[in-house]
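Single-structure report; data block below.
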Amino acid sequence: MGGLGGRANSTSSGYTDDQRGGLLYGGGLFFAPNRRFAVGLSYQRQVGAQEQFEPGATLNSGKINRTYQSVLANLRAYPLRNDSVGLWGGLMIGAMFQTANATGTSTPAGVYASPSSYSIDAGPSGGMALGLGVGMDYDVSNSFGFLASVNMLNAWLKSDSMTNPPDRPVPGAGSVMMLDARVAFQYRFDTSGAALPVSGTVKTSKR
Numbered sequence: 668m669g670g671l672g673g674r675a676n677s678t679s680s681g682y683t684d685d686q687r688g689g690l691l692y693g694g695g696l697f698f699a700p701n702r703r704f705a706v707g708l709s710y711q712r713q714v715g716a717q718e719q720f721e722p723g724a725t726l727n728s729g730k731i732n733r734t735y736q737s738v739l740a741n742l743r744a745y746p747l748r749n750d751s752v753g754l755w756g757g758l759m760i761g762a763m764f765q766t767a768n769a770t771g772t773s774t775p776a777g778v779y780a781s782p783s784s785y786s787i788d789a790g791p792s793g794g795m796a797l798g799l800g801v802g803m804d805y806d807v808s809n810s811f812g813f814l815a816s817v818n819m820l821n822a823w824l825k826s827d828s829m830t831n832p833p834d835r836p837v838p839g840a841g842s843v844m845m846l847d848a849r850v851a852f853q854y855r856f857d858t859s860g861a862a863l864p865v866s867g868t869v870k871t872s873k874r
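The structure is reproduced here in C-alpha cells:
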C-alpha cells in the first residue's frame with residue numbers, strides 16, 4: 668500500500684507548517700466472512716511532515732521532521748458489489764505514534780558567543796486514533812485485485828515536549844487530522860476450502 672497524505676489542521680507546536688505531508692506506505696491483513704463485510708488489521712507509516720521557525724534577532728533557527736506510524740483495526744462494509752468491482756465504507760480505530768528529529772542552531776548567552784548547531788531525536792509518543800474511509804476494490808482475478816481509497820484519520824497526540832531535561836525540548840504534534848489517498852495491491856485466498864468460481868461458457872451438443 669502506498670499513497671500521499673498530510674495534516675489538514677494547523678500545528679500547535681509554535682513552529683510554522685513548512686510541509687504538512689508526504690509519502691505514506693504500509694500493509695494489512697483482512698478477513699471477509701462474506702462479500703458484504705471485511706475486518707482486518709493495518710499498519711501505515713507517514714513521512715515528510717516538517718515544521719520550522721526562521722532565524723530572528725538571536726540567530727536561533729529550528730526545524731522538526733515528523734514521522735507518524737499507525738496500527739489500526741478496520742471494519743469495511745460493501746453496500747455495492749458485483750463480480751469485479753466493490754464500493755465500500757470503512758471505520759478505523761487504533762493507535763498512532765509520533766517520532767521527531769529536531770535540528771537547528773542556538774546562540775548561548777554572552778556578547779561574544781557564536782551559534783552552535785544541534786540535532787535531537789524524540790519519541791516515540793502515542794495516542795488514540797479514529798478514522799473513516801471510502802474506497803473501491805477492482806478484482807483482476809479470483810486471487811488478485813487493486814484497491815483505491817480516500818481516508819481521514821484523527822489522532823490525539825502529546826503536544827508538550829517529548830524529551831526530558833537536560834535535552835532541548837521538542838514539542839509534540841498535538842491533535843492531528845490526517846487526510847490521505849491510497850492505492851494498494853491485494854492478494855486473496857479462500858480459507859473455506861471451497862472451489863473458487865470460474866467464469867466461462869459451456870456448450871452442449873444436441874443428439
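Note that the sequence shown ends on residue 874 in this note's numbering; no numbers are left out.
By construction, the Cβ of each residue, glycine as well, lies at the ideal position given by its N, Cα and C atoms.
These numbers were taken from a predicted model, which means no experiment stands behind them.
Would you kindly work out how many angstroms separate the C-alpha atoms of residue i and residue j, rounded to a whole number?
i      : j      : result
Leu747 : Asn676 : 32 angstroms
Gln711 : Phe856 : 23 angstroms
Ser751 : Thr830 : 50 angstroms
Arg702 : Tyr745 : 7 angstroms
Asp827 : Gly839 : 5 angstroms
Asp806 : Leu814 : 9 angstroms
Leu696 : Ala851 : 12 angstroms
Ser709 : Thr774 : 44 angstroms
Asn816 : Pro833 : The amino acid occupying residue 816 in the given sequence is Ser; Asn does not appear at that position. So the alpha carbons of these two residues sit roughly 44 angstroms apart.
Ala699 : Gly798 : 20 angstroms
Leu691 : Asn821 : 16 angstroms
Val738 : Ala762 : 6 angstroms
Asp788 : Lys825 : 16 angstroms
Met803 : Gly812 : 10 angstroms
Gly693 : Gly669 : 7 angstroms
Gly672 : Asn727 : 30 angstroms
Thr766 : Thr678 : 15 angstroms
Met819 : Gly707 : 18 angstroms
Gln713 : Phe764 : 10 angstroms
Ala796 : Gly841 : 12 angstroms
Thr770 : Gly793 : 22 angstroms
Gln686 : Ser810 : 39 angstroms
Pro836 : Leu742 : 38 angstroms
Gly753 : Val801 : 11 angstroms
Ala705 : Ser808 : 18 angstroms
Pro791 : Gly715 : 16 angstroms
I need the DSSP call for residue i, collapsed to helix, strand or coil.
i      : result
Ala789 : strand
Arg712 : strand
Arg748 : strand
Arg855 : coil
Asn732 : strand
Tyr692 : strand
Thr830 : coil
Ala796 : strand
Ala705 : strand
Asn676 : coil
So if DSSP puts residue i in a beta bridge, which residue, or which two residues, is it bridged to?
i      : result
Val843 : Ala822
Tyr805 : Val752 and Phe813
Asp684 : Glu718
Arg849 : Gly670 and Ser816
Pro836 : None, per the DSSP bridge assignment.
Ala762 : Val738 and Met795
Thr770 : Lys730 and Ser786
task: Report yes or no: do the region 843-850 and the region 784-792 share at least 3 C-beta pairs separated by less than 8 angstroms?
output: no
message: Closer than 8 angstroms is the cut-off here; do at least three beta carbon pairs connect the region 680-691 with the region 713-721?
response: yes
- request: Check whether the region 754-763 touches the region 725-734, counting contact only when three or more Cβ pairs, one atom from each stretch, lie closer than 8 angstroms.
  value: no
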